[in-house]
Amino acid sequence: MSKDEKRFSRRDFLKTTGVATGGILGGSLLGGFIGYNFDQSPPATEPETAEHGEEASGGDNHHTGYLFFTKHSDRETIEAAMERIFPEDDLGPGAAALGAAYFLDGQLAGDYGSNTKEYMQGPFYEGSATQGYQSRLNRREYFTLGILKLNEVANEEHDADFRALEPEQMDEILTLFQEGEVDMGVPAHTATAPEFFGLLRTATLEGVYSDPIYRGNRGMEGWKMKNFPGHQMAYIEQIDDGEFHEIDPQSVAEGH
Numbered sequence: 001m002s003k004d005e006k007r008f009s010r011r012d013f014l015k016t017t018g019v020a021t022g023g024i025l026g027g028s029l030l031g032g033f034i035g036y037n038f039d040q041s042p043p044a045t046e047p048e049t050a051e052h053g054e055e056a057s058g059g060d061n062h063h064t065g066y067l068f069f070t071k072h073s074d075r076e077t078i079e080a081a082m083e084r085i086f087p088e089d090d091l092g093p094g095a096a097a098l099g100a101a102y103f104l105d106g107q108l109a110g111d112y113g114s115n116t117k118e119y120m121q122g123p124f125y126e127g128s129a130t131q132g133y134q135s136r137l138n139r140r141e142y143f144t145l146g147i148l149k150l151n152e153v154a155n156e157e158h159d160a161d162f163r164a165l166e167p168e169q170m171d172e173i174l175t176l177f178q179e180g181e182v183d184m185g186v187p188a189h190t191a192t193a194p195e196f197f198g199l200l201r202t203a204t205l206e207g208v209y210s211d212p213i214y215r216g217n218r219g220m221e222g223w224k225m226k227n228f229p230g231h232q233m234a235y236i237e238q239i240d241d242g243e244f245h246e247i248d249p250q251s252v253a254e255g256h
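Everything in the sequence shown is counted per UniProt numbering, starting at 1 for the first residue and increasing by one.
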């Protein structure tokens, strides 16, 4: 299959499936966010930070806007992986430009990341495909382990961290995770490579298509690619006139 065919089939699926918009607006990640200021917008670019979470200038890491991914290398790794799952192309921006990693960062800093609303006591067994999340790890720990393994496999295969690889090499490694060819270094009932890939893919789509109030979907560009109107207060003026209307999307924050 050619590169163009791959790109079309992947993004075409995302643009036509209802899961990518309406289903995600009430999705599992959104319920766990720690709260978000309606007047706050994610920064277009983040300042360079040192390895231990402090800004290169010595300032407080608070100013970077990141809450969980305080280590710059971790942010770049997760951003790169998300971009390969939802890449920029002629249809619009990719996950990186849409702030999907910034969205996930906020989720991991909240109840979603600590699994606060879920039963997390033993005994622990490897779950079936229909059982959903069964790990003894909370999602913060799961993503931390996943980032570590992404870099380990990248160094084993290509002598470089994941964020430094070529796009095709990143795809190769993500495919290994998806197909279960990566040993996570823990028992299967604790974490598996396909489950990590599934968490990453879901977070990517939710970051691309969720309401911008949750720090992703910058400029509502994810919605614009699908001609999704967002959260309009009402359609009274348009619904009965028999005309087709192109409606600019609206965030929850704008409608209140």
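Just so it is clear, CB atoms sit at the ideal spot from N, CA and C, and this is done for glycine as well.
Taking C-beta atoms under 8 Å as the contact rule, residue 184 and residue 149 qualify, at a distance of about 6 Å.
Taken atom to atom, the span from the alpha-carbon of residue 226 to that of residue 102 is near 21 Å.
Within a 10 Å sphere around the beta-carbon of residue 129 sit fewer than 16 other beta-carbons, which makes this residue exposed.
For residue 186, the closest C-alpha among the options 196, 179, 178 is that of 196.
In the same chain as residue 182, and ignoring 5 residues on each side of it, the C-beta atoms closer than 7 Å to its own belong to 149, 153, 176, 193, in chain order. Here residue 204 is buried. Its C-beta has 16 or more other C-beta atoms within 10 Å. With respect to the 7 Å criterion, residue 189 and residue 124 are classified as neighbours on the basis of their beta carbons.
Closest in C-alpha terms to residue 229, from the list 247, 126, 165, comes 247.
Its chain contains 147 as the residues whose beta carbon lies nearer than 6 Å to that of residue 74, once the 5 sequence neighbours on both sides are disregarded; these appear in chain order. Remark: C-beta atoms of residue 94 and residue 79 do not approach each other more closely than 7 Å.
Going by C-alpha positions, residue 77 is about 6 Å away from residue 162.
Put simply, of 109, 127, 126, 139 the residue whose alpha carbon is nearest the alpha carbon of residue 118 is 139.
Shown here, residue 121 sits in coil according to DSSP, grouped into three states, outside any helix or strand. Nearest in C-alpha terms to residue 231, of all of 244, 212, 240, 243, is 212. Per DSSP, residue 77 is one residue of the alpha helix (DSSP H) stretching across 72 to 85.
For the 7 Å CB-CB criterion, residue 145 and residue 191 form a contact. If you draw a straight line from the Cα of residue 134 to the Cα of residue 90, it comes to about 38 Å. In this structure, residue 92 sits near residue 221, with a CB-CB distance shorter than 7 Å. Close CB contacts of residue 160 within its chain, under the 8 Å cut and outside five residues either way in sequence, are with 154 (chain order).
A residue is called buried once 16 or more other Cβ atoms fall within 10 Å of its Cβ, and residue 85 is buried on that count.
Annotation for residue 112: the continuous alpha helix (DSSP H) segment containing it runs 111 to 114. When only Cα atoms are considered, residue 245 and residue 238 end up about 7 Å apart.
Measuring C-alpha to C-alpha distances from residue 113 to each of 242, 207, 172, 68 identifies 68 as the nearest. In terms of CA proximity to residue 252, 233 leads the group 201, 233, 174. Here residue 173 is buried. Its C-beta has 16 or more other C-beta atoms within 10 Å.
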